[in-house]
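Trainee: Adding 14 to a residue's 1-based position in the sequence shown gives its number in the numbering used here. Every residue, glycine too, gets a C-beta built ideally from N, C-alpha and C.
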Amino acid sequence: MEASAPAFRAGSRGNVRTTIRPVQAPSATTRRLRFPAWLDAGAAALGLQMAIAGTAAFYFSQFLRLEFPSWSVFTVIMLLSAQYVGAIQEKAVLRMIGTVLGGLLGYLATGAWQQTPVLYLGMTFAITAFSVAMFSQSRAPYAFLLTGLTFVIIAINGQSDPQMAWQYSLARVEEVLVGVVASLVVQSTIWPRYANEDFLKQLRDTLEELAEATPRGMAMFRDHDAELDASLRDFPRRSTALRQLLYFGARESRHFRRNLAMHGSAVTSIARAANLLRSLDQIAPAPEPYLSALSGEFDEAGRTLRDGWLQLRDNGRIDDDWRSGMAGLLARIEEKLLVLRTDPRSMQLDAAQVGPVSAHVLTLFDLHTSILELDELWRNPPAIQRTDSLVLAPEWPDAAAVKRGLRAALATTVALVLDNWLSPPGGTLMVLCAFNFTALNYLSPTGIGDHRTFHFVVSAALVGLGAFLALLVLTPMMASYAVLNIVLASWLFLQGYRTYNRGGITKALTVSFLLLVSVLSLNAQEPVPFENITGIFFGLVTGALIAALHERLLWPILPQGRLRAGMVSYLRTIAGGIDRGVTNLPLWQRTKLALFPSEARKFITMMEGPAMPPGESRRLEEYILSLQKLAGEIILCAGRLSPSLPPDAAPETRNTLDEVKAALASGLNSLADSFGRAEQPPAADHLDDLIRRWDESVARLRRTFFADNVPPRTAIVPMGLSYRYRVSLGLLKRANAEARSLRPGEYLGDVSL
Numbered sequence: 015m016e017a018s019a020p021a022f023r024a025g026s027r028g029n030v031r032t033t034i035r036p037v038q039a040p041s042a043t044t045r046r047l048r049f050p051a052w053l054d055a056g057a058a059a060l061g062l063q064m065a066i067a068g069t070a071a072f073y074f075s076q077f078l079r080l081e082f083p084s085w086s087v088f089t090v091i092m093l094l095s096a097q098y099v100g101a102i103q104e105k106a107v108l109r110m111i112g113t114v115l116g117g118l119l120g121y122l123a124t125g126a127w128q129q130t131p132v133l134y135l136g137m138t139f140a141i142t143a144f145s146v147a148m149f150s151q152s153r154a155p156y157a158f159l160l161t162g163l164t165f166v167i168i169a170i171n172g173q174s175d176p177q178m179a180w181q182y183s184l185a186r187v188e189e190v191l192v193g194v195v196a197s198l199v200v201q202s203t204i205w206p207r208y209a210n211e212d213f214l215k216q217l218r219d220t221l222e223e224l225a226e227a228t229p230r231g232m233a234m235f236r237d238h239d240a241e242l243d244a245s246l247r248d249f250p251r252r253s254t255a256l257r258q259l260l261y262f263g264a265r266e267s268r269h270f271r272r273n274l275a276m277h278g279s280a281v282t283s284i285a286r287a288a289n290l291l292r293s294l295d296q297i298a299p300a301p302e303p304y305l306s307a308l309s310g311e312f313d314e315a316g317r318t319l320r321d322g323w324l325q326l327r328d329n330g331r332i333d334d335d336w337r338s339g340m341a342g343l344l345a346r347i348e349e350k351l352l353v354l355r356t357d358p359r360s361m362q363l364d365a366a367q368v369g370p371v372s373a374h375v376l377t378l379f380d381l382h383t384s385i386l387e388l389d390e391l392w393r394n395p396p397a398i399q400r401t402d403s404l405v406l407a408p409e410w411p412d413a414a415a416v417k418r419g420l421r422a423a424l425a426t427t428v429a430l431v432l433d434n435w436l437s438p439p440g441g442t443l444m445v446l447c448a449f450n451f452t453a454l455n456y457l458s459p460t461g462i463g464d465h466r467t468f469h470f471v472v473s474a475a476l477v478g479l480g481a482f483l484a485l486l487v488l489t490p491m492m493a494s495y496a497v498l499n500i501v502l503a504s505w506l507f508l509q510g511y512r513t514y515n516r517g518g519i520t521k522a523l524t525v526s527f528l529l530l531v532s533v534l535s536l537n538a539q540e541p542v543p544f545e546n547i548t549g550i551f552f553g554l555v556t557g558a559l560i561a562a563l564h565e566r567l568l569w570p571i572l573p574q575g576r577l578r579a580g581m582v583s584y585l586r587t588i589a590g591g592i593d594r595g596v597t598n599l600p601l602w603q604r605t606k607l608a609l610f611p612s613e614a615r616k617f618i619t620m621m622e623g624p625a626m627p628p629g630e631s632r633r634l635e636e637y638i639l640s641l642q643k644l645a646g647e648i649i650l651c652a653g654r655l656s657p658s659l660p661p662d663a664a665p666e667t668r669n670t671l672d673e674v675k676a677a678l679a680s681g682l683n684s685l686a687d688s689f690g691r692a693e694q695p696p697a698a699d700h701l702d703d704l705i706r707r708w709d710e711s712v713a714r715l716r717r718t719f720f721a722d723n724v725p726p727r728t729a730i731v732p733m734g735l736s737y738r739y740r741v742s743l744g745l746l747k748r749a750n751a752e753a754r755s756l757r758p759g760e761y762l763g764d765v766s767l
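(1) Taking all protein chains shown into account, decide if A287 is buried (16 or more other Cβ within 10 angstroms of its Cβ) or exposed.
(2) Cα separation between R153 and W205?
(3) Entirely within the region 699-753 and at least 3 residues each: give me those beta strand (DSSP E) ranges in chain order.
(4) Kindly list the residues whose CB is nearer than 6 Å to the CB of A608, restricted to its own chain and excluding five residues on each side of it in sequence; keep chain order.
(5) Among L536, V445, T718, which one has its Cα closest to the Cα of P490?
(6) So, is G112 buried or exposed, given that buried needs 16 or more other C-beta atoms within 10 angstroms?
(7) For the alpha helix (DSSP H) that R668 lies in, which residues bound it at each end?
(8) Could you tell me which of R566, L488, E673 sits nearest to Q539, measuring between CA atoms?
(9) At which residues does the alpha helix (DSSP H) containing E223 begin and terminate?
(10) Checking 8 Å against the spacing of the C-beta atoms, do P439 and G278 come in under that value?
(11) Would you kindly report the start and end of the unbroken alpha helix (DSSP H) that includes I66?
(12) Measure the alpha-carbon distance for G773 versus L386 and round it to whole angstroms.
(13) Leaving out five residues on either side along the sequence, give the residues of the same chain with a beta carbon under 8 Å from the beta carbon of Y511.
(14) Buried or exposed: where does Y495 fall if 16 or more other Cβ atoms within 10 Å of its Cβ makes it buried?
(15) Entirely within the region 149-209 and at least 4 residues each: give me those alpha helix (DSSP H) ranges in chain order.
(16) Could you compute how far the alpha carbon of A698 sits from the alpha carbon of A751?
(17) Quick one: residues in its chain with C-beta nearer than 6 Å to the C-beta of P624, no 5 flanking neighbours on either side, listed in chain order?
(18) Would G322 be called buried (16 or more neighbouring beta carbons within 10 Å of its own) or exposed?
(19) Apart from the five residues on each side of it in sequence, which residues of its chain come closer than 6 Å, Cβ to Cβ, to F262?
(20) Contact between the region 458-471 and the region 561-577: three or more CB pairs below 8 Å?
(21) Short check: CB of T228 to CB of L319, under 8 Å?
(22) Please decide whether L572 counts as near chain B, where near means a Cβ-Cβ distance under 8 Å.
(23) Rank L260, P732, R230, E314 by C-alpha distance to the C-alpha of D295 and give the top, closest one.
(24) CB P301 to CB D237, shorter than 8 Å?
(25) What residues in its chain sit with their C-beta under 8 Å from that of Q768, if we drop five residues either side in the sequence?
(26) Would you check if there are 3 or more beta carbon pairs closer than 8 Å linking the region 354-369 to the region 703-717?
(27) Evaluate the contact criterion for the region 608-621 versus the region 655-671: three or more CB pairs, one atom per stretch, below 8 Å.
(28) Thinking C-alpha only, which one of A453, A589, S360, A677 is nearest L701?
(29) Give me the Cβ distance between A147 and A415, rounded to the nearest whole Å; I'm assuming they're in contact under 8 Å.
(30) Whole-angstrom Cβ separation of A448 and A474, contact assumed at under 8 Å?
(31) Taking the runs of the alpha helix (DSSP H) that are 4 residues or longer, which of them lie wholly in the region 450-538?
(32) Specify the secondary structure class of F82 as computed by DSSP and reduced to three states.
(33) Considering only the alpha carbon of each residue, which of L308, L256, I705, G310 lies closest to A285?
(34) Go through the region 253-319 residue by residue and report every complete run of the beta strand (DSSP E) that reaches 3 residues or more, in order.
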């Protein structure tokens with residue numbers, strides 16, 4: 015096995031080499047741990063890690079007599095939320111860098127300018143805006159966020175006594191260091207979860223999913239399968255998850271890092287194979303006489319390709335018997351295609367009728383090529399590539415990120431002014447809530463943004479009231495370290511358990527860890543004044559209210575706005591890739607392109623209600639599905655047809671191809687412009703004539719191939735791609751008609767207040 019499956023060797027820990035386990039095997043997180051069936055094993059493991067690390071960090075902070083032990087617990091929660099050893103290691107380094115830098119800036123600004131409000135608040139605004147905006151780019155984003163957060167914390171605690179700001183800065187660094195050490199030790203020794211192991215397991219799962227889908231795709235040569243496209247619709251998200259695991263796995267293992275280029279190319283090839291299978295939804299079944307002559311071969315091809323995917327899953331390569339069997343099958347298909355050229359029934363078919371045959375055969379060839387490419391990739395891995403190419407964020411913050419930074423800075427500055435001016439109960443928590451809610455809510459995996467942020471204020475008030483009543487009872491009991499540790503460990507376990515499957519930090523989880531930090535800050539081993547308990551309630555509610563006001567009144571992040579901006583970007587990116595494709599785009603942009611359709615459906619679900627006309631959500635989803643299919647066709651066609659045309663192809667064929675490309679680009683840009691203005695696009699009646707002329711051009715090309723007796727394998731590529739261009743024009747026409755049935759002006763504006 016050592017020699018036969020190099021593609022699945024991860025070397026995840028030191029020099030230990032681990033073969034990827036069967037799909038049904040437990041993950042690396044829990045393989046040494048057994049939980050009851052009703053308990054999510056992975057979530058329970060993360061909960062236990064968080065409970066152990068948080069309790070240990072709190073203990074050592076008190077043992078070392080550090081002043082703010084709650085900060086170390088806060089660090090544990092934020093680091094272990096990343097779940098993977100590689101991700102946590104990266105976050106730990108960036109957190110320390112950001113903490114040191116933010117502490118230094120906080121000390122200098124508070125000590126020098128606290129008595130000059132204009133300069134001090136201006137510096138607070140500038141640093142907070144810059145750090146939050148830079149959190150949206152790819153170069154050490156977490157360090158920038160921690161710089162702003164630490165600066166705010168030093169400002170809160172140091173504004174009443176500027177000369178002591180250096181102590182708060184030093185204490186913050188010490189506490190964070192304790193939390194970092196506790197997190198790294200626990201995650202590395204107690205049920206560690208390695209991204210490179212999970213990557214290899216998910217890669218196997220993905221190959222098995224392709225194996226199951228391929229026979230259904232090949233069967234569409236004779237029967238349409240409407241469910242195939244839906245079954246593969248989640249593949250873009252799966253590809254993104256695989257790339258994220260690659261990014262963190264590269265930080266865990268030198269061996270895995272050496273194979274990074276190989277694994278990255280494998281993900282790209284697998285994603286393309288899934289796109290090929292999904293595209294069959296737009297290709298009609300083959301007509302007679304091709305249907306009777308080739309149905310058996312396509313059924314056999316589905317089974318053989320399935321075996322190829324499974325061999326790659328199990329062994330990392332394909333054997334010689336599979337190669338020879340597939341070569342013989344393709345040879346039989348070519349022989350039958352040559353015979354069918356002389357069949358009078360096939361000669362009577364026009365280009366539009368025979369086009370599906372070429373498209374099906376081309377898809378078969380392309381899937382075969384994908385399997386061979388993966389086999390070659392894993393036999394002869396390419397050179398090492400830098401992990402920079404795996405980042406999933408732009409190099410610089412965009413306009414939306416800058417606005418988020420300005421909004422968070424203004425909310426934080428306002429909260430700081432109110433805290434200094436009015437000295438309300440829970441002022442520290444108020445400022446932290448204002449910062450966290452405005453800086454992080456757009457990252458919530460729910461994607462809700464600012465849509466229901468005032469509802470959240472009500473929810474926060476109810477949670478704060480419950481916490482207040484509970485603390486009235488529990489605070490005296492927490493004077494006992496046994497009770498305090500039980501409360502802390504239980505809370506952290508639930509925090510980790512809920513975090514595991516959320517895919518990020520939601521507002522609810524943010525409230526949870528802010529409340530926990532506030533409870534620990536009460537220091538129940540000493541008498542706790544009543545106003546400190548009430549401060550938790552008022553700090554949470556006022557902070558949430560300040561954040562809500564800024565979120566709704568300043569560039570609100572609403573589903574209709576994200577849908578509009580995302581749609582415009584999506585359409586323009588597709589239009590720009592018609593000639594050369596999207597492969598030259600940065601990975602973060604390609605990922606954004608692939609994920610937009612599923613995100614758009616989520617936005618539509620949030621928008622449903624009285625503001626949306628009846629049936630509009632269904633029409634919107636159909637429109638987005640048409641665009642997604644159109645994008646898939648363009649990606650498969652881009653840059654391939656022109657090189658495959660024979661040198662003596664009629665000039666009008668190439669000219670018509672240029673017209674088709676121009677029409678696709680123009681149509682997509684027209685859809686983008688109209689959606690951006692919340693208007694219906696102009697009709698695309700000219701596409702009917704263009705489709706007719708394209709069919710005539712393809713018919714001439716087909717006659718040329720027959721006259722010159724061009725081998726089927728050579729002719730299939732331009733003929734199959736030509737049909738895909740025809741499908742693209744039809745999808746553009748359908749999308750235009752669907753867009754003209756929408757009423758975007760009634761719901762794409764800001765209907766938030």
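Mentor: With the structure as the only source:
(1) buried
(2) 30 Å
(3) none
(4) P250
(5) L536
(6) buried
(7) 665-690
(8) L488
(9) 209-233
(10) no
(11) 55-77
(12) Nothing in the structure corresponds to residue 773, since the chain is present only between 15 and 767.
(13) D54, A57, A58, L60, G61
(14) exposed
(15) 155-172, 179-203
(16) 8 Å
(17) none
(18) buried
(19) Y98, G100, A101, A209
(20) yes
(21) yes
(22) No chain B is present in this structure, which holds just one protein chain.
(23) R230
(24) no
(25) The structure shown does not extend to residue 768, since the chain is modelled only from 15 to 767, so the question has no answer here.
(26) yes
(27) no
(28) A677
(29) 5 Å
(30) Not quite, the Cβ-Cβ distance comes to about 12 Å (not below 8 Å), so this is no contact.
(31) 467-491, 495-514, 521-535
(32) coil
(33) L256
(34) none
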